[in-house]
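Visitor:
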Amino acid sequence: MQTIKIGVVTTSDRASAGIYEDISGVAIINVMDEFLLNAKEYEYRCIPDVQSTIESTLKELSDEFKCDLIVTTGGTGPALRDVTTEATLAVCSKILDGFGEQMRAVSLKYVPTAILSRQTAGIRGNSLIVNLPGKPKSIKECLEAVFPAIPYCIDLIGGAYMVANEEVIKAFRPKGA
Amino acid sequence: MQTIKIGVVTTSDRASAGIYEDISGVAIINVMDEFLLNAKEYEYRCIPDVQSTIESTLKELSDEFKCDLIVTTGGTGPALRDVTTEATLAVCSKILDGFGEQMRAVSLKYVPTAILSRQTAGIRGNSLIVNLPGKPKSIKECLEAVFPAIPYCIDLIGGAYMVANEEVIKAFRPKGA
Amino acid sequence: MQTIKIGVVTTSDRASAGIYEDISGVAIINVMDEFLLNAKEYEYRCIPDVQSTIESTLKELSDEFKCDLIVTTGGTGPALRDVTTEATLAVCSKILDGFGEQMRAVSLKYVPTAILSRQTAGIRGNSLIVNLPGKPKSIKECLEAVFPAIPYCIDLIGGAYMVANEEVIKAFRPKGA
Numbered sequence: 000m001q002t003i004k005i006g007v008v009t010t011s012d013r014a015s016a017g018i019y020e021d022i023s024g025v026a027i028i029n030v031m032d033e034f035l036l037n038a039k040e041y042e043y044r045c046i047p048d049v050q051s052t053i054e055s056t057l058k059e060l061s062d063e064f065k066c067d068l069i070v071t072t073g074g075t076g077p078a079l080r081d082v083t084t085e086a087t088l089a090v091c092s093k094i095l096d097g098f099g100e101q102m103r104a105v106s107l108k109y110v111p112t113a114i115l116s117r118q119t120a121g122i123r124g125n126s127l128i129v130n131l132p133g134k135p136k137s138i139k140e141c142l143e144a145v146f147p148a149i150p151y152c153i154d155l156i157g158g159a160y161m162v163a164n165e166e167v168i169k170a171f172r173p174k175g176a
Numbered sequence: 000m001q002t003i004k005i006g007v008v009t010t011s012d013r014a015s016a017g018i019y020e021d022i023s024g025v026a027i028i029n030v031m032d033e034f035l036l037n038a039k040e041y042e043y044r045c046i047p048d049v050q051s052t053i054e055s056t057l058k059e060l061s062d063e064f065k066c067d068l069i070v071t072t073g074g075t076g077p078a079l080r081d082v083t084t085e086a087t088l089a090v091c092s093k094i095l096d097g098f099g100e101q102m103r104a105v106s107l108k109y110v111p112t113a114i115l116s117r118q119t120a121g122i123r124g125n126s127l128i129v130n131l132p133g134k135p136k137s138i139k140e141c142l143e144a145v146f147p148a149i150p151y152c153i154d155l156i157g158g159a160y161m162v163a164n165e166e167v168i169k170a171f172r173p174k175g176a
Numbered sequence: 000m001q002t003i004k005i006g007v008v009t010t011s012d013r014a015s016a017g018i019y020e021d022i023s024g025v026a027i028i029n030v031m032d033e034f035l036l037n038a039k040e041y042e043y044r045c046i047p048d049v050q051s052t053i054e055s056t057l058k059e060l061s062d063e064f065k066c067d068l069i070v071t072t073g074g075t076g077p078a079l080r081d082v083t084t085e086a087t088l089a090v091c092s093k094i095l096d097g098f099g100e101q102m103r104a105v106s107l108k109y110v111p112t113a114i115l116s117r118q119t120a121g122i123r124g125n126s127l128i129v130n131l132p133g134k135p136k137s138i139k140e141c142l143e144a145v146f147p148a149i150p151y152c153i154d155l156i157g158g159a160y161m162v163a164n165e166e167v168i169k170a171f172r173p174k175g176a
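Residue numbers (the numbering used here), protein chains in the order written: chain F, 0 to 176; chain D, 0 to 176; chain A, 0 to 176.
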């Protein structure tokens, strides 16, 4: 089994300043540990809500660290400091609208304010970048919804071969693919 | 309770030329009167389907009149003269795809042509701009679907504090927000 | 009944090189023959996954051949060679997000990887351009989902008047339209 490189990017002015603990980044790592049987190498960053910083972090994790998957948390709402979506759109060559649509559809079962989320996903080089919400509970709900499509997506863009922990979640690969 | 400033923009060549009455703008005001307990100050415009005119109207309502919410009706279809979406995309710094997705999903329960709508929503300064359909019945259906998220959205962008008429509709604000 | 001009564009490096047969283009023609009572004039192209070639083909089918409807198959996934979406976005003056949303929602009933599809639709001149998936089965599922809105869309952009075969599928036109 190949080792999967996963970038985890928490964008938060307060967490990056040490004002509170980053429980969201931890939540992502916990879910990935649970969902994937492969060995995992995490590159973790906790950075302020500054678009240029987020962009350079995403580029570094994709271009230099060759992450197969980069997951962000925070910064996808309508507020002025929410710029993770902008950074993601700026560094990706392809945008996968279906991720945002499905994550909003899932969150909408819990809260009507799900429509305020600008979460998206996209491709940069051989990396899939996915924006997740800020709250650990919502992170898990969203990852459960989109994870089944992630291993095949990463196959298609030339990343490492992910093996899902089928006792917890199933990855889907089309027959003959 | 704060006074809410609401811009209502009907884009229609014929209504703006006085060829028929603008029942859509009236429908929006009626729904807002029903949904919000705050005092309301409406800025109403009925203008032709000209992108530059729509853009300058949206800018004026946001930048000069400081509207918390700007609601448009008309001009979001596939026809050549439908340019309200274009104007909205041009003047907003953030686009909230979830509004369009949810409004289309709701309209799709009634008509399969809902997928032709290019309704969207976005942020300009401290204003939320939302495109609604042209027909009064569809206006109400769409507002019922997205209104619960609007007060919290306007909190996040620094607008006035909306108080929903909970006998008619509930606004949702996350706990601790 | 007017004759409907339909462009059918298969984008596939392998099919265009004759390495395998283009069953997807055939599938589209079969569905259109089944759905539409009008006489049909097909303009069929099988071309490689090269963005500039796809763009010039779409322009030719719209601007010169005056197709009412142009349907593509293939090239909407996340892989590097998938550029049909990019070409569609580049040549259209209006994008109709609702088509992509609904096609992904329909495909999602069958496969969780539906969120990887970047299928979209848009308007160029008097032509509606719709991206379909690559597989015949998925092509039919998607066309069944979006076809009911297509005749009215083409009315709105000044194309020919489509007559659906109501024993198979219903087209929807709003009353008074």
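Here a beta-carbon is modelled for each residue, glycine too, at the ideal position from N, C-alpha and C.
#1: If distances are taken between C-alpha atoms only, which option among F:M161, F:A148, F:D81 comes closest to I122 (chain D)?
#2: In the DSSP assignment, the alpha helix (DSSP H) including N29 (chain D) goes from what residue to what residue?
#3: Excluding sequence positions up to five away, which residues of its chain have a Cβ less than 6 Å from the Cβ of A113 (chain F)?
#4: Taking the alpha carbon of P135 (chain F) as the point to measure from, which residue in F:T72, F:V129, F:I53 has its own alpha carbon closest?
#5: Buried or exposed: S116 (chain D), going by 16 or more other Cβ atoms within 10 Å of its Cβ?
#6: Given a threshold of 16 other Cβ atoms within 10 Å of its Cβ, counted over all protein chains shown, does P173 (chain A) qualify as buried or as exposed?
#7: Rounded to whole angstroms, what is the Cα-Cα separation between T119 (chain F) and Q1 (chain A)?
#8: How close, in whole Å, do the beta carbons of I5 (chain A) and C45 (chain A) come, if the pair is a contact with beta carbons under 8 Å?
#9: Excluding five sequence neighbours on each side, which residues of the same chain lie with their C-beta closer than 6 Å to the C-beta of K139 (chain F)?
#10: DSSP three-state label for Y160 (chain D), please.
#11: Taking the runs of the beta strand (DSSP E) that are 3 residues or longer, which of them lie wholly in the segment 33-114 of chain A?
#12: CB-CB under 6 Å to D12 (chain A), same chain, minus the five flanking residues each way: which ones, in chain order?
#13: Do F64 (chain F) and F146 (chain F) have their C-beta atoms closer together than 8 Å?
#14: May I ask you to report which of helix, strand or coil DSSP gives R172 (chain A)?
#15: Mind checking whether S69 (chain D) and I128 (chain D) have CB atoms under 8 Å apart?
#16: Does any CB atom of chain E fall closer than 8 Å to the CB of G121 (chain A)?
#17: Counting C-beta neighbours from all protein chains within 10 Å, is the total for V32 (chain A) 16 or more, i.e. buried, or is it exposed?
#18: Rounded to a whole number of angstroms, what is the C-alpha to C-alpha distance between I22 (chain F) and K93 (chain A)?
#19: Using a cut-off of 7 Å between C-beta atoms, extract the partners of P77 (chain F) located in chain D.
#20: Whose C-beta lies closer than 6 Å to the C-beta of E40 (chain A) among residues of the same chain, with five residues either side of it excluded?
#21: Pick from F:Y151, F:L131, F:V167: whose alpha carbon is nearest that of G175 (chain F)?
#22: Which residues in the same chain as D62 (chain D) place their Cβ atom closer than 7 Å to its Cβ, once the five residues preceding and following it in sequence are excluded?
#23: Helix, strand or coil for R117 (chain A)? Go by DSSP, reduced to three states.
#24: Within the segment 114-153 of chain F, note down every full beta strand (DSSP E) run reaching 3 residues or more, in order along the chain.
#25: Given that L115 (chain F) touches chain D, what residues does it touch there, using C-beta distances under 8 Å?
#26: Identify which residue in F:I168, F:V8, F:A144, F:Y109 has its Cα closest to the Cα of V25 (chain F).
#27: Please state whether the Cβ-Cβ distance between I168 (chain D) and A159 (chain D) is less than 8 Å.
#28: Assuming M161 (chain A) contacts A170 (chain A) (C-beta within less than 8 Å), just tell me the rounded distance between them.
#29: Check the C-beta distance from I27 (chain F) over to L131 (chain F) and give it rounded, since I have them as a contact under 8 Å.
#30: Using a Cβ-Cβ cut-off of 8 Å (strictly less than) and excluding sequence neighbours within five positions of Q50 (chain D), which residues of its own chain qualify?
#31: Do you know offhand how far G99 (chain A)'s Cα is from P77 (chain A)'s?
Guide: Well, looking at it:
#1: On the second sequence, residue 122 (chain D) is found 123 positions in, with the first residue counted as 1. Checking every option, the nearest Cα to that of I122 (chain D) belongs to F:D81.
#2: Here the question's residue 29 (chain D) lines up with position 30 in the second sequence. Counting along the chain, the alpha helix (DSSP H) containing N29 (chain D) begins and ends at 22-34.
#3: Taking the first residue of the first sequence as position 1, residue 113 (chain F) is located at position 114. R103, S106, L107.
#4: In the first sequence, the residue the question calls residue 135 (chain F) occupies position 136. Checked all of F:T72, F:V129, F:I53; the closest Cα to P135 (chain F) is F:T72.
#5: Locating residue 116 (chain D) in the second sequence gives position 117, where the first residue counts as 1. S116 (chain D) comes out buried.
#6: Locating residue 173 (chain A) in the third sequence gives position 174, where the first residue counts as 1. Exposed.
#7: Within the first sequence, numbered from 1, the residue matching residue 119 (chain F) stands at position 120. Within the third sequence, numbered from 1, the residue matching residue 1 (chain A) stands at position 2. About 42 Å.
#8: In the third sequence, residue 5 (chain A) corresponds to position 6, counting from 1. In the third sequence, residue 45 (chain A) corresponds to position 46, counting from 1. Not a contact, Cβ separation roughly 15 Å.
#9: The count along the first sequence starts at 1 and reaches residue 139 (chain F) at position 140. Correct list, in chain order: V30.
#10: Along the second sequence, read from residue 1 onward, the residue named residue 160 (chain D) stands at position 161. In this structure, Y160 (chain D) counts as coil in the three-state DSSP scheme.
#11: 39-46, 68-72
#12: By one-based count along the third sequence, residue 12 (chain A) stands at place 13. Taken in chain order, the residues that qualify are P47, D48.
#13: Stepping through the first sequence from its first residue, residue 64 (chain F) is reached at position 65. Stepping through the first sequence from its first residue, residue 146 (chain F) is reached at position 147. No, the Cβ-Cβ distance between F64 (chain F) and F146 (chain F) is not below 8 Å.
#14: Numbered from its first residue, the third sequence carries residue 172 (chain A) at position 173. Looking at R172 (chain A) - three-state DSSP - the assignment turns out to be coil, as it is neither helix nor strand.
#15: As a working mapping, residue 69 (chain D) is identified with position 70 in the second sequence. As a working mapping, residue 128 (chain D) is identified with position 129 in the second sequence. It is Ile, not Ser, that sits at residue 69 (chain D) in the sequence shown. Yes.
#16: You won't find chain E in this structure, because its protein chains are F, D and A.
#17: Here residue 32 (chain A) refers to the residue found at position 33 of the third sequence. This sequence places Asp at residue 32 (chain A); Val is not what is there. It is exposed - the Cβ of D32 (chain A) has fewer than 16 other Cβ atoms within 10 Å.
#18: Taking the first residue of the first sequence as 1, we reach residue 22 (chain F) at position 23. Taking the first residue of the third sequence as 1, we reach residue 93 (chain A) at position 94. Roughly 42 Å between the two C-alpha positions.
#19: Taking the first residue of the first sequence as position 1, residue 77 (chain F) is located at position 78. The contacting residues are K93, L95, I122, C152, L155, I156.
#20: As a working note, residue 40 (chain A) is residue 41 in the third sequence. T2, K4.
#21: Position 176 of the first sequence, counting from 1, holds the residue named residue 175 (chain F). Nearest C-alpha to G175 (chain F): F:Y151.
#22: Numbered from 1 along the second sequence, position 63 holds the residue referred to as residue 62 (chain D). Taken in chain order, the residues that qualify are G124.
#23: Here residue 117 (chain A) is taken as the residue at index 118 of the third sequence, counted from 1. Coil, per DSSP.
#24: 120-123, 126-131
#25: As a working note, residue 115 (chain F) is residue 116 in the first sequence. Ordered by position in chain D, the residues that pass the 8 Å Cβ test against L115 (chain F) are L95, G97, A148, Y151, C152, L155.
#26: Here residue 25 (chain F) refers to the residue found at position 26 of the first sequence. Selected option, being the one with the closest Cα: F:V8.
#27: Here the question's residue 168 (chain D) lines up with position 169 in the second sequence. Here the question's residue 159 (chain D) lines up with position 160 in the second sequence. For I168 (chain D) and A159 (chain D), no; Cβs fall outside 8 Å.
#28: Position 162 of the third sequence, counting from 1, holds the residue named residue 161 (chain A). Position 171 of the third sequence, counting from 1, holds the residue named residue 170 (chain A). 7 Å between Cβ atoms; contact.
#29: As a first step, residue 27 (chain F) is located in the first sequence; it is residue number 28 there, counting from the start. As a first step, residue 131 (chain F) is located in the first sequence; it is residue number 132 there, counting from the start. I27 (chain F) to L131 (chain F), Cβ: 7 Å. Contact.
#30: Position 51 of the second sequence, counted from the first residue, corresponds to residue 50 (chain D). Within the same chain, Q50 (chain D) has close Cβ partners V82, E85, A86, A89.
#31: For the purposes of this step, residue 99 (chain A) is identified with residue 100 of the third sequence, where counting begins at 1. For the purposes of this step, residue 77 (chain A) is identified with residue 78 of the third sequence, where counting begins at 1. Roughly 15 Å between the two C-alpha positions.
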